[in-house]
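**Student:** Residue 0 is where the sequence shown starts when you use the numbering used here, and the numbers rise one by one after that.
Can you read through this structure? Questions will come right after.
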Amino acid sequence: MKKTLFYIFIGIAIIGLIMNLGNIFNLIFNVLVSIAILLAILYAIYYFFILSEEERNYRKAMRQTKRKRKFRK
0 MKKTLFYIFI
10 GIAIIGLIMN
20 LGNIFNLIFN
30 VLVSIAILLA
40 ILYAIYYFFI
50 LSEEERNYRK
60 AMRQTKRKRK
70 FRK
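Structure (structure tokens):
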């Protein structure tokens with residue numbers, strides 16, 4: 000009896016997911032976009048307010064060095 004109820008419950012859940020498939024993808028997309036925006040804001044705060052000028056210049060020089068080495072290969 001318990002197995003039957005369990006499988007009926009799972010079946011109803013799968014039918015519900017299929018019926019709302021568009022909503023689920025929309026929800027996932029909205030969450031991913033929100034997380035990306037939040038991470039971009041946090042990185043901007045970190046880069047412009049926490050890093051010192053010397054650290055920013057060091058990171059910029061490291062990126063330029065990586066680009067030069069990439070094109071040499």
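From the three backbone atoms N, C-alpha and C, an ideal C-beta is built for every residue, glycine too.
May I have the straight-line CA-CA distance separating residue 69 from residue 19, to the nearest angstrom?
**Tutor:** Going from the Cα of residue 69 to the Cα of residue 19 covers about 47 Å.
**Student:** Hey, quick one: how far does the alpha helix (DSSP H) through residue 33 stretch, first residue to last?
**Tutor:** Counting along the chain, the alpha helix (DSSP H) containing residue 33 begins and ends at 20-44.
**Student:** Straight-line CA distance for residue 61 to residue 24?
**Tutor:** Cα to Cα, the separation comes out at about 39 Å.
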